[in-house]
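According to this note's numbering, the residues represented by the sequence shown are 85 to 724, in order.
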Amino acid sequence: MSRPLSDRPSSLLAAIVLALGFAAAIPTAHAQRGAMPADTAYPGTIALEVDATDLQHRVFRAKQRIPVQPGPLTLLYPQWLPGRHAGYGSVDKYAGLTITANGQRLAWKRDPLDVYAFNVDIPQGVSEIEIAAQYITPTDRDQGRVVMTPAMLNLQWNMIALYPAGHAASKITIVPTLKVPAGWQPFTALDVDTRTGDTVRYKPVDFDTLVDSPVYAGKHAKTFDLDPGAKVPVRLNVVADDPRYLEAKPEHLAQHRNLVQQAYKLFGSHHYDHYDFLFSLSDQMSGNGLEHQRSSENGMDVDYFKDWDPKVGTDDLLPHEFTHSWNGKFRRPAGLLTPSFNVPMQDDLLWVYEGQTQYWGNVLASRAGLRTQAQSRDELALVAATYADNRPGLGWRDVQDTTNDPIIAQRRPKPYRGWQMSEDYYQAGQLIWLEVDARLRAKSDGKKSLDDFAHAFFGVDNGSWTAKPYDFEEVVATLNSVAADDWAGFLRARLDGHGPLTGGLEASGWKLVYTDIPNAAAKAQAKGPRGTDDFLYSLGFTVGKDGKFSDVRWDGPAFNAGIGAGMSLLAVDDRAYSKENLEDAIKAAKTSGAPIKLLVKDFDRYRTVSIDYRGGLRYPHLERIEGKADHLTAIFAPKK
């Protein structure tokens, strides 16, 4: 949450604190577990200084000065982070912790029952402690997100800061200072107090706002004004591996400016005093997509501007993260509005938080012109095909249960996503909200839509930064205010049921079909070093650039023939594997009836697998249903 200290009414938190009777600071992690942090100000101001200049070793170095009182003190490393929806802060990369007072080193002990808590006894006569530590950033993608390169960095303050237990994060005041490499430009939603050379001192903020205000900094940087002349600026701040990747065509920038205007027309409000897209174009720093109230972290490949082609369209990452300023940051599920970063979150409404944002991401991309309507339909076809043909896991697991996945799997890959399911509240949620939209339009003869819900639900309290919690009942009540229906029963049937989720397509006047030609969205996704060759809806697998089966459809032809995820594909019908050779084999099998023979490697074993498949190449597309009202075209059309 990003808002000024004076704008922090927290009636929900206050009520919880009053009900639980916690009015004082909690001295130790043992006492803190199970207790709610007090909604009282931490006495004094904490200074945090981060040196981000050690690019050779890829290390952030930090110093903190914390006012204290004698007695036991627990310092917490942030664990439950907004946007991650789970409790896996990077405490494993926090190193070199040293605590001193009056020039003397103080012993600290990690709590054995809470590894994010550090206990220290403050001696008599000590009023301030000094902390020195480092955050050892990943030097390889296998270790986590790469966030430091020779040309750019991404600092999330929660990586490198401890905070006192017992107080709400919004009640702890911090003065942050950042030193960047010589000549680099830092970007953040924080307001600058002073800058001396390459050291920036930011204005005091509460710890909640600090964590919600990460930094991108780069040697090659550029800012684009996305709302020229507006009293509330919106900026696209770009860092890149090389200056040539920063050049954007005027028509492409115009689409990004359209995004801002279309979002304002959709929601009828804003909830920031300025908004900063933090945008990296890199083959070296890891990609990213993380929402904040007044900014967002966005990472794409270097060709985002350089190879822009209006016929191919643009990714919907920026529309998705921008939508989160309204949906997820300002309006937030009550279970995710926790008073500190070490109070567990509850993810049960992520199908609204992320599912509806996924829906609006694709819609706003079309309305802004970042995608054509055809491109947005192609993206939707891929999602619909997933739930028509590649989610057998819906037979044993429901969409509601997948809201637990960030906590269960901590966003690690799964070998059989179609069977295990993995954070399906995103795309399944998108289909549910499409059906809601089509249902609203049908019931009102096109006079009402999900746009009206968005305006009523997210458009309240224009200009406020104070997070406004909601629950399932409010979602239902707002839908009923747009058009009366059994919305509770409708939503629960889709969230808790095991049936198909593609009803919104038919209700919108379109149907899912398959042809032997990939749609444009699938072709775009196949490009690049991390793209895959897609045979998911024919043989039942995708193959990475390294030849590994990256996804194998449970109970699909390949799976039933004995192919598993993680194996490697070496040859097709005695010829070295290539996408073209496999396509030819699938076409030939359709007419000849002969099985397709694949040579696969499984650890150190080689074997030939025969797949008796004659269905030809199959790729998803959407096709109009003649005689049925076309709501999808209206949904994707820009608002006037």
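Heads up, the beta-carbon is just placed ideally off N, CA and C, and yes, glycines get one too.
Cβ-Cβ distance between Ile492 and Gly593 below 9 Å: The residue labelled residue 492 in the question sits at position 408 within the sequence shown. The residue labelled residue 593 in the question sits at position 509 within the sequence shown. Using a Cβ distance threshold of 9 Å, Ile492 and Gly593 do not count as a contacting pair.
Spatial neighbours of Thr562 in its chain, beta-carbon cut-off 7 Å, leaving aside the 5 residues before and after: The residue labelled residue 562 in the question sits at position 478 within the sequence shown. Excluding positions up to five away in sequence, the list reads Phe537, Ala540 and Phe541.
Cβ pair Ser533, Ala718 closer than 9 Å: Translated into positions along the sequence shown, residue 533 becomes position 449. Translated into positions along the sequence shown, residue 718 becomes position 634. In this structure, Ala718 lies closer than 9 Å to Ser533 by Cβ.
Nearest residue (CA-CA) to Asp696, options Glu438, Pro679 and Thr307: One-based indexing of the sequence shown puts residue 696 at position 612. Of the candidates Glu438, Pro679 and Thr307, the one whose C-alpha sits nearest the C-alpha of Asp696 is Pro679.
Proximity winner among Tyr300, Pro248 and Pro265, relative to Ala273 (alpha-carbon distances): Here residue 273 refers to the residue found at position 189 when the sequence shown is read from its first residue. Across the set Tyr300, Pro248 and Pro265, the C-alpha of Tyr300 shows the shortest separation from the C-alpha of Ala273.
Cβ-based burial, Gly530 [other Cβ within 10 Å; buried from 16]: The count along the sequence shown starts at 1 and reaches residue 530 at position 446. Result: exposed.
Backbone CA spacing between Pro490 and Arg168 [nearest angstrom]: Taking the first residue of the sequence shown as position 1, residue 490 is located at position 406. Taking the first residue of the sequence shown as position 1, residue 168 is located at position 84. Using only the alpha carbons, I get a separation of about 7 Å.
Gly383 - DSSP class collapsed to helix/strand/coil: Here residue 383 corresponds to residue number 299 of the sequence shown, with the count starting at 1. Shown here, Gly383 sits in a strand according to DSSP, grouped into three states.
Rounded C-alpha distance that separates Arg797 from Val259: Residue numbering for the chain in the displayed model covers 85 to 724; residue 797 lies beyond these limits and cannot be assessed.
Pro499, buried or exposed, once every other Cβ within 10 Å from all chains shown has been counted against 16: Indexing the sequence shown from 1 puts residue 499 at position 415. Result: exposed.
From Ala245, Gln609, Gln240 and Asp290, residue whose alpha carbon lies closest to that of Ser254: For this step, residue 254 is matched to residue 170 along the sequence shown. Taking Ser254 as reference, the option from Ala245, Gln609, Gln240 and Asp290 with the minimal CA-CA separation is Asp290.
Closest Cα partner of Gln345 within the set Gly502, Thr626, Leu706 and Arg451: Working through the sequence shown from its first residue, we reach residue 345 at position 261. Relative to the Cα of Gln345, the nearest Cα in the group Gly502, Thr626, Leu706 and Arg451 belongs to Arg451.
Extent of the continuous beta strand (DSSP E) to which Lys147 belongs: What you label residue 147 is simply residue 63 of the sequence shown in a count that begins at 1. Counted as a single uninterrupted DSSP element, the beta strand (DSSP E) harbouring Lys147 occupies residues Val143 to Pro151.
Closest by C-alpha distance to Leu310, when choosing among Pro334, Gln440, Thr398 and Gly419: The count along the sequence shown starts at 1 and reaches residue 310 at position 226. Closest by alpha carbon: Pro334.
Same chain only: Cβ atoms within 7 Å of Pro52, ignoring 5 sequence neighbours per side: Absent from the structure is residue 52, since the part of the chain shown begins at 85 and ends at 724.
With 16 other Cβ atoms within 10 Å as the buried cut-off, status of Gln687: Position 603 of the sequence shown, counted from the start, is the residue given in the question as residue 687. Looking at the sequence shown, residue 687 is not Gln but Phe. The residue is exposed, with fewer than 16 neighbouring Cβ atoms inside 10 Å.
Option nearest Pro298 by Cα separation, candidates Thr307, Val318, Pro270 and Gly281: For the purposes of this step, residue 298 is identified with residue 214 of the sequence shown, where counting begins at 1. Minimum Cα distance to Pro298 is reached at Pro270.
Euclidean distance between Cα positions of Gly588 and Gln459: In the sequence shown, residue 588 corresponds to position 504, counting from 1. In the sequence shown, residue 459 corresponds to position 375, counting from 1. Those two C-alpha atoms are separated by around 18 Å.
Closest residue to Asn474 among Val134, Asp658, Phe643 and Ser652 (Cα-Cα distance): Mapped onto the sequence shown, residue 474 falls at position 390. Answer by Cα proximity: Phe643.
Where the beta strand (DSSP E) containing Tyr690 begins and where it ends: If you number the sequence shown from 1, residue 690 lands on position 606. That run of the beta strand (DSSP E) goes Arg689 to Ile695.
Alpha-carbon spacing of Met236 relative to Lys306, whole angstroms: In the sequence shown, residue 236 corresponds to position 152, counting from 1. In the sequence shown, residue 306 corresponds to position 222, counting from 1. If I take the Cα positions, the gap works out to 13 Å.
For Asp580, the residue or residues it bridges with in DSSP: Mapped onto the sequence shown, residue 580 falls at position 496. DSSP lists no partner for Asp580.
Proximity test, Leu596 beta-carbon vs the ligand NAP heavy atom, cut-off 8 Å: Although the ligand NAP was asked about, the structure shown includes no ligands whatsoever.
For Arg285 and Thr257, believed in contact at Cβ under 8 Å, the rounded distance: As a position in the sequence shown, residue 257 is number 173, starting the count at 1. As a position in the sequence shown, residue 285 is number 201, starting the count at 1. Rounded, the Cβ-Cβ distance is 14 Å, inconsistent with contact.
Contact set for Val560: own chain, Cβ-Cβ below 8 Å, skip 5 residues either direction: Within the sequence shown, numbered from 1, the residue matching residue 560 stands at position 476. These residues qualify, in order along the chain: Trp571, Ala572 and Leu575.
Sufficient close CB pairs (3 or more, under 8 Å) joining the segment 425-444 to the segment 394-408: The segment 425-444, when compared against the segment 394-408, does touch it at the 8 Å Cβ threshold.
Glu212 - partner residues in DSSP beta bridges: Looking up residue 212 in the sequence shown gives position 128. BP columns for Glu212 point to Pro151.
Counted within 10 angstroms of its Cβ, other Cβ atoms place Ile601 as buried (16 or more) or exposed: Within the sequence shown, the letter at position 517 stands for residue 601. Exposed, since its Cβ has fewer than 16 Cβ neighbours within 10 Å.
Length-filtered (3 minimum) beta strand (DSSP E) runs lying within the segment 565-626: Runs of the beta strand (DSSP E) inside the segment 565-626: 594-599 and 616-619.
Sub-9 Å separation of Thr233 and Val143 beta-carbons: Residue mapping note: residue 233 aligns to position 149 of the sequence shown, counting from 1. Residue mapping note: residue 143 aligns to position 59 of the sequence shown, counting from 1. No; because the gap between Cβ atoms is not below 9 Å, this pair is not in contact.
Host alpha helix (DSSP H) of Asp536 (start-end): Position 452 of the sequence shown, counted from the first residue, corresponds to residue 536. Looking at the DSSP string, the run of the alpha helix (DSSP H) that includes Asp536 is Leu534 to Phe542.
Residue environment, Trp480, which counts as buried when at least 16 other CB atoms sit within 10 Å: Taking the first residue of the sequence shown as 1, we reach residue 480 at position 396. In summary, Trp480 is exposed, with fewer than 16 beta-carbon neighbours lying within 10 Å of its beta-carbon over all protein chains present.
Leu374 versus Glu381 - alpha carbon distance: If you number the sequence shown from 1, residue 374 lands on position 290. If you number the sequence shown from 1, residue 381 lands on position 297. About 5 Å.
Arg302 (DSSP reduced to helix, strand or coil): Along the sequence shown, read from residue 1 onward, the residue named residue 302 stands at position 218. Checking the sequence, you will find Gly at residue 302 rather than Arg. In the structure shown, Gly302 sits in a strand (DSSP, three-state: E or B).
Residues of its chain near Lys685, where Cβ-Cβ distance is below 7 Å and the 5 sequence neighbours each way are ignored: Locating residue 685 in the sequence shown gives position 601, where the first residue counts as 1. Met651, Ser652 and Leu654, listed in sequence order.
Burial state of Asp580, where buried means 16 or more other Cβ atoms lie within 10 Å: Mapped onto the sequence shown, residue 580 falls at position 496. With fewer than 16 Cβ atoms within 10 Å of its Cβ, Asp580 is classed as exposed.
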